[in-house]
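Number of protein chains: 2
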Amino acid sequence: MNRHLIRQARGDEPADLVLKGGKVINVFTKTIEVEDIAISDGIILGTGIYQGKREIDCSGLYISPGFIDGHVHIESSMLTPTGYAPLVMPWGTTSIIADCHEIANVKGIAGIEYMLASAKRTPLDVFMMIPSCVPATSFETAGAELKAEDIAKLKDRDQVLGLGEMMNYPGVIEGDDDVHDKLDAFSDRIIDGHAPSVFGQDLNAYILAGVKTDHECTHAPELIDKVKRGMYIHLREGSQTKNVLDLLPGVKESYLSRLLFCSDDLHPHDILKQGHINHNINLATKAGLDPLSAIQMATINIAQCYRLDRYGAIAPGYFADLVLFKDLKHIKPDVVYKKGTLVAKDGKALFNPEPLLDATVLDSVHFEPNDFDFNFHLKQEIVNVIKLVKNNITTRKFIEEVTLTEDGDVVLTKTPGLLKLFVIERHHQSGRIGKALVRGYGLKNAAIALSIAHDSHNVICISDNEQDALVALRKIKEIKGGIVLASQGRVLDYLKLEVAGLMTNQSASHVKDKLESMDKAARRLGVSDEVDDPFLSLAFLSLPVIPEIKCTDRGLFDVTHFKIIPIEAGRS
Amino acid sequence: MNRHLIRQARGDEPADLVLKGGKVINVFTKTIEVEDIAISDGIILGTGIYQGKREIDCSGLYISPGFIDGHVHIESSMLTPTGYAPLVMPWGTTSIIADCHEIANVKGIAGIEYMLASAKRTPLDVFMMIPSCVPATSFETAGAELKAEDIAKLKDRDQVLGLGEMMNYPGVIEGDDDVHDKLDAFSDRIIDGHAPSVFGQDLNAYILAGVKTDHECTHAPELIDKVKRGMYIHLREGSQTKNVLDLLPGVKESYLSRLLFCSDDLHPHDILKQGHINHNINLATKAGLDPLSAIQMATINIAQCYRLDRYGAIAPGYFADLVLFKDLKHIKPDVVYKKGTLVAKDGKALFNPEPLLDATVLDSVHFEPNDFDFNFHLKQEIVNVIKLVKNNITTRKFIEEVTLTEDGDVVLTKTPGLLKLFVIERHHQSGRIGKALVRGYGLKNAAIALSIAHDSHNVICISDNEQDALVALRKIKEIKGGIVLASQGRVLDYLKLEVAGLMTNQSASHVKDKLESMDKAARRLGVSDEVDDPFLSLAFLSLPVIPEIKCTDRGLFDVTHFKIIPIEAGRS
Chain A
0 MNRHLIRQAR GDEPADLVLK GGKVINVFTK TIEVEDIAIS DGIILGTGIY QGKREIDCSG
60 LYISPGFIDG HVHIESSMLT PTGYAPLVMP WGTTSIIADC HEIANVKGIA GIEYMLASAK
120 RTPLDVFMMI PSCVPATSFE TAGAELKAED IAKLKDRDQV LGLGEMMNYP GVIEGDDDVH
180 DKLDAFSDRI IDGHAPSVFG QDLNAYILAG VKTDHECTHA PELIDKVKRG MYIHLREGSQ
240 TKNVLDLLPG VKESYLSRLL FCSDDLHPHD ILKQGHINHN INLATKAGLD PLSAIQMATI
300 NIAQCYRLDR YGAIAPGYFA DLVLFKDLKH IKPDVVYKKG TLVAKDGKAL FNPEPLLDAT
360 VLDSVHFEPN DFDFNFHLKQ EIVNVIKLVK NNITTRKFIE EVTLTEDGDV VLTKTPGLLK
420 LFVIERHHQS GRIGKALVRG YGLKNAAIAL SIAHDSHNVI CISDNEQDAL VALRKIKEIK
480 GGIVLASQGR VLDYLKLEVA GLMTNQSASH VKDKLESMDK AARRLGVSDE VDDPFLSLAF
540 LSLPVIPEIK CTDRGLFDVT HFKIIPIEAG RS
Chain B
0 MNRHLIRQAR GDEPADLVLK GGKVINVFTK TIEVEDIAIS DGIILGTGIY QGKREIDCSG
60 LYISPGFIDG HVHIESSMLT PTGYAPLVMP WGTTSIIADC HEIANVKGIA GIEYMLASAK
120 RTPLDVFMMI PSCVPATSFE TAGAELKAED IAKLKDRDQV LGLGEMMNYP GVIEGDDDVH
180 DKLDAFSDRI IDGHAPSVFG QDLNAYILAG VKTDHECTHA PELIDKVKRG MYIHLREGSQ
240 TKNVLDLLPG VKESYLSRLL FCSDDLHPHD ILKQGHINHN INLATKAGLD PLSAIQMATI
300 NIAQCYRLDR YGAIAPGYFA DLVLFKDLKH IKPDVVYKKG TLVAKDGKAL FNPEPLLDAT
360 VLDSVHFEPN DFDFNFHLKQ EIVNVIKLVK NNITTRKFIE EVTLTEDGDV VLTKTPGLLK
420 LFVIERHHQS GRIGKALVRG YGLKNAAIAL SIAHDSHNVI CISDNEQDAL VALRKIKEIK
480 GGIVLASQGR VLDYLKLEVA GLMTNQSASH VKDKLESMDK AARRLGVSDE VDDPFLSLAF
540 LSLPVIPEIK CTDRGLFDVT HFKIIPIEAG RS
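Protein chains in written order, with numbering that gives the first Met the number 0: chain A, 0 to 571; chain B, 0 to 571.
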């Protein structure tokens, strides 16, 4: 430790910066004291009474350690790290534990490297958990396949903390070699879990394999059971999945230090509207949790779980990551400091990082729409149909009778409401297309296509006619990824997601505005009110781990039996 | 993780060992559940309902994770690690965080290596904090001088966790180079503190330098202040220094996870009589602390502070270090398991490790008594005297008038109760002797000598006559270290401490019996009832960091002014 910092801490020399007389929140003792905070070289020297070369009067303001998101996929914001940081930091977020699972499915190691490099252009501390499940299943084609030896190479990078959420919990529990090779490679690091409704002996086996955290709890008994077995539990509040209020009855003082907050997936409009981790805190506080306990769950608890020694508290030696606000019951930061530097004021970021333009991630859409065969070539009229469930990403498997053309294609006009879904492999230009029939979405004389399609992020397209599908897909290719609406032979509107087909370097408000106007346009084109989000509900139609029936580039996927099935019902 | 363990955890194969139906203590949730514990390869696979190749009925017994001593000097037991482990493990201790500061002062790195190697012969997990202050001060001669580059070499050893208690807190706060070199060398490890009554900005500076723990708190406000600044606090209960009851008012649920138990220094008779860390738990429980909170402070809290991932809890993946007992309000273990192996039953160790006979540490007493000049050679009659304080290791500086012989020696018969104290450098055969006058000890026609003399562990000898002093010192040399009583020209009794002059490979009960009989003999020779322990009170007379006046091999030491002073009063 530099000797001049020691002299400043003991009060013999003035500190670089002193925040005077704020209501300082101590996350160790959960107390508030009016005192000064002395800061030099981005580090907190101590609290008490201090003189500084620069002094700022903070009377009347609470001062909390900067908030940490314990588990987040930046890609869900559709913004690159250089766009994401200015969006979340004004809400008090000063560090995040990111898992770049989405871009890794498109670009593998190069995608992870891009995220690390882009993040370094911002003041936000982006710590990385290396994606563990690329591809997510063997029933889809991702842009990369990451084996244990590939990801192990990233282990010792300074931003890397461990292994990202191990979603393949059946593989863990059943002793799958590839899965265990990855766990073993990271056995001396933190391993994040993902084990929805895994209990008892299965949970024991999962934890024994080395998994330390879980963010998939949906009710209090599940949380308690997992804490009991030694896990740290994230209480997640995302755009799609909201668990904080359901889990609050399970929050107890005796094991509060094992509980953390995270967002997992947040869309830009939600961040713009209600904030980030401050929203988790505010929600919990409003529901009756002591606000200092909530702040503890957003700061020191996460730092301890992930072994971020200098993060998450206002105490000597900690980084001066500080959030200043007036109302403890509804935190809306006035000012945010990152390592002693003012980074946001009154909701606005005071920095504007240059986007990283990396040719590799800007070139990720590889397919040839003109070659497509949209014909379903069916051999029977009784077919399996994906039926959407209202406001939900799960689906139901229905059986319907359709009318076929002579060469076996489906005549959609004969079964109103039925749509064609195409999942087009876009990484290796293989020409592979998965096809399915969907009911419950609603669309007329139109097509919607997007290059976000979990988890392999192929291009997904839904349509009631070939012409619009082709127009939409050609545009996707032209703009190198994004979301496109086409109707009656022309492109109505689009959002460019030029970075891996998942993110853009344009501003958060541009993304928000586009998504809102396109949502309205989609509704006008007939998308049902029962569909929560016209685009994300499509993006999840290819995710082969959510029940009951989905479609990947390899075809219709029966999640219950975990296999590809023919569209024709009753055949295997 | 071995696949067969995964299969056993999920219940598809029987575990090696299942403890059936015990009252299992969960230190995460602080709850007790009647359930089975499945164990294989020394690891807990899980709790719940399990079948085992071997099953043991534990109904009616509580099962706790093994206790951990968060900070201990093994040398204080006067037993080597091979003798210490069988002594403490029957009390439920399965791991310790040791700081071998004493032997390091005698033998440097070789002493530390000896402790590590000896500990490996036992089932006890001995984790090591590398001594930071050898020698403790520059006013005494130790057997070794350990610089930052010396101790840094041990940093990556698998038993080593960090840097031992940084007692030189003035050096830390004032920016001493040597001290900071050591702190910097261990900045990525745990650094233990030692900061009695350090508060405010000084404490901020001390913590800023990297110190993480403190075991010197003596009252609740001090504990709270240190927790607030981010420290982990040990509640110590040793033979000499007992803080648990004084600190209990400062124990709060909201920061319980930052509080740990330790013993620091325990003599063999106290361990034999009341136990080890179970005694801290029992004391706290008796005083009203929830026993599960107390157990948490003796298990998972310590493991978390020192980052011992698989220690301190009964959960999947944790080592099967288990303590079984009947009475939660006064823990006296029936049975102790270490990594799944039964190591103690009904208070008896079931293992008997072979002592490590290391020639280096067995040869540590180097001085020539026959060459000694016992004459004080004083130039005036008004002298500084060390006055003992009743039942305390602090002393007072008194001024007395003595009678001198023609050649300046003190005529003790003229000042009844006054004794001569000699501190003889024994590491480098330098012939250096520090001399002092002591009042308040009481001894007639006798001498007591010992090779335990904190912190440099030179040989200390108190006597009212030259002849007995010489006899005692010759015996110390002959037995290569220990404690000797001599009277009227012959050795009355002695305890051999052949390992570095601090420890023995003989049994704990031998040490206890010897110390008891020698205590009685010392009392018969006139040692005052105001002296708590005739031998340890001598051992602390050379410790130059305890007020008010002490004596090292370099002479009389004024602790208040932190310098060597002449025996003659008023001279400098």
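Beta carbons: idealized from backbone N, C-alpha and C, even for Gly.
Three-state secondary structure (DSSP) of residue i
| i | result |
| --- | --- |
| B/H278 | helix |
| B/R473 | helix |
| A/L535 | helix |
| A/T359 | coil |
| A/M0 | coil |
| A/R523 | helix |
| B/P122 | coil |
| A/N25 | strand |
| B/H70 | strand |
| A/R489 | strand |
| A/M517 | helix |
| B/K181 | helix |
CB contact check: residue i to chain A, cutoff 8 Å
| i | result |
| --- | --- |
| B/D467 | no |
| B/N25 | yes |
| B/N167 | no |
| B/V226 | yes |
| B/S256 | yes |
| B/A348 | no |
| B/E252 | yes |
| B/D191 | no |
| B/L327 | no |
| B/H179 | yes |
Residue i classed as buried or exposed, judged by whether at least 16 other C-beta atoms fall within 10 angstroms
| i | result |
| --- | --- |
| A/K152 | exposed |
| B/A358 | exposed |
| A/Q303 | buried |
| A/H72 | buried |
| A/F66 | buried |
| A/R2 | exposed |
| A/V133 | buried |
| A/K227 | buried |
Cα-Cα separation between residue i and residue j, rounded to whole angstroms
| i | j | result |
| --- | --- | --- |
| B/I129 | B/E547 | 29 Å |
| B/I55 | B/K22 | 13 Å |
| B/V197 | B/D191 | 15 Å |
| B/G316 | B/D40 | 11 Å |
| B/C550 | B/I150 | 28 Å |
| A/L86 | A/T79 | 11 Å |
| B/L145 | A/A141 | 56 Å |
| B/E399 | B/T559 | 19 Å |
| B/Y254 | B/R309 | 22 Å |
| A/H509 | B/K29 | 50 Å |
Contact with chain B by residue i, beta-carbon distance below 8 Å
| i | result |
| --- | --- |
| A/A314 | yes |
| A/L321 | no |
| A/N203 | yes |
| A/M0 | yes |
Those residues which DSSP pairs with residue i across a bridge
| i | result |
| --- | --- |
| B/E567 | B/V382 |
| B/K495 | B/G481 |
| A/R395 | A/K386 |
| A/S75 | DSSP lists no partner for A/S75. |
| A/C132 | Bridge partners of A/C132: none, in fact. |
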